[in-house]
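First residue of the sequence shown? That's 321 in my numbering, and the numbers climb one at a time after it. Reading through the structure tokens given below for one structure.
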Amino acid sequence: MNNNFDDIVFNRHSIKVFDENIKIGHEEMLEMITKTTKAPSSVNMQPWRFVVVDSEKGKDTLRPLIRFNTRQNDTSAAMVVIFGDMQCYEKGEQIYSQAVQEGIMPESVKDELLGLFMPFYQNASKQKMNDIVKIDSSLAAMQFMLVARSHGYDTNPIGGFEEDQIAEALGLDKERYVPVIIIAIGKANYETHGSVRLDAKEVTQFI
321 MNNNFDDIVF NRHSIKVFDE NIKIGHEEML EMITKTTKAP SSVNMQPWRF
371 VVVDSEKGKD TLRPLIRFNT RQNDTSAAMV VIFGDMQCYE KGEQIYSQAV
421 QEGIMPESVK DELLGLFMPF YQNASKQKMN DIVKIDSSLA AMQFMLVARS
471 HGYDTNPIGG FEEDQIAEAL GLDKERYVPV IIIAIGKANY ETHGSVRLDA
521 KEVTQFI
């Protein structure tokens with residue numbers, strides 16, 4: 321496992337074709353996802369949900385839904401599809417109760433916070449919930465790519481897929497689970513190269 325910060329952050333490249341001989345065990349994948357879930361989320365509702373597609377059958381299901389990214393699908397160790405749960409607040413009681421059990425917050429604070437946050441989430445518009453879960457799940461997606469790099473793997477974030485079909489195809493309720501991004505993971509089978517970024521001064525303002 322590589323823990324060098326510069327290598328993890330600055331040498332991460334988007335890989336289009338992977339070494340087909342590389343496989344990732346479910347135990348290691350769960351370890352990486354556990355680290356990924358340390359990402360921040362709005363009022364700690366953790367709306368991200370992961371579907372790891374690593375079987376031949378799963379990839380066959382995914383292939384027609386990612387027409388311009390089939391190379392990643394066919395060569396990667398796995399395609400990790402990240403969804404946002406529009407009803408993530410249903411886990412609120414569980415999350416906050418665990419915080420109480422672990423001594424992170426008093427029961428009175430839990431009750432106060434849930435009393436404030438739960439009505440907001442339950443009554444939020446579909447568009448507002450969509451924005452919340454996509455922002456939070458995107459934070460998790462970036463965290464997953466950095467975690468993967470620390471484990472010695474390469475990744476490719478994929479935003480081009482059939483958004484209206486993918487949840488149902490993977491056995492999820494398409495009204496509840498919003499597809500956010502797919503992360504292809506494995507090891508590159510070619511020499512990567514750098515990419516150009518705008519200068520920080522060009523994209524930053526100090527006021």
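Where a beta carbon is used, it is the ideal one built from N, C-alpha and C, also for glycine.
Kindly list the residues whose CB is nearer than 6 Å to the CB of residue i, restricted to its own chain and excluding five residues on each side of it in sequence; keep chain order.
i: residue 381; result: 489
i: residue 353; result: 370
i: residue 356; result: 460, 463, 464, 467
i: residue 378; result: none
Taking all protein chains shown into account, decide if residue i is buried (16 or more other Cβ within 10 angstroms of its Cβ) or exposed.
i: residue 366; result: buried
i: residue 395; result: buried
i: residue 290; result: An answer regarding residue 290 cannot be provided, because it is not within the stretch 321 to 527 covered by the chain.
i: residue 448; result: exposed
i: residue 512; result: exposed
i: residue 475; result: buried
i: residue 456; result: buried
i: residue 359; result: buried
i: residue 517; result: exposed
i: residue 504; result: buried
i: residue 425; result: exposed
i: residue 341; result: exposed
i: residue 361; result: buried
Residue i bridges to which residues according to DSSP?
i: residue 475; result: 334, 505
i: residue 499; result: 403
i: residue 371; result: 401
Under 8 Å Cβ to Cβ from residue i, same chain only, skipping five residues before and after it: list those, please.
i: residue 348; result: 471
i: residue 534; result: Here the chain comprises residues numbered 321 to 527, so residue 534 is not present and cannot be evaluated.
i: residue 261; result: The question about residue 261 has no answer here: the residues shown for the chain are numbered 321 through 527.
Along the chain, where does the alpha helix (DSSP H) that runs through residue i open and close?
i: residue 584; result: For the chain, the structure presents residues 321 to 527; residue 584 sits outside this window and is missing.
i: residue 425; result: Element bounds for residue 425: n/a, residue is neither H nor E.
i: residue 395; result: 390 to 395
i: residue 353; result: 346 to 356
i: residue 376; result: 376 to 382
i: residue 489; result: 486 to 489
Pop quiz: residue i and residue j are said to be a contact at Cβ under 8 Å. What is the actual Cβ separation, rounded to whole angstroms?
i: residue 461; j: residue 402; result: 5 Å
i: residue 386; j: residue 526; result: Not a contact, Cβ separation roughly 41 Å.
i: residue 436; j: residue 413; result: Contact flag wrong, Cβ pair sits at about 14 Å.
i: residue 388; j: residue 508; result: Not really, about 19 Å apart at Cβ, beyond 8 Å.
i: residue 336; j: residue 392; result: 6 Å
i: residue 439; j: residue 334; result: At roughly 41 Å, the Cβ-Cβ gap does not stay under 8 Å, so residue 439 and residue 334 are not in contact.
Using C-beta distances below 7 Å, list every residue in its chain close to residue i, excluding the 5 sequence neighbours before and after it, in chain order.
i: residue 407; result: 496
i: residue 343; result: 397
i: residue 479; result: 501
i: residue 442; result: 409
i: residue 416; result: 430, 433, 434
i: residue 390; result: 383
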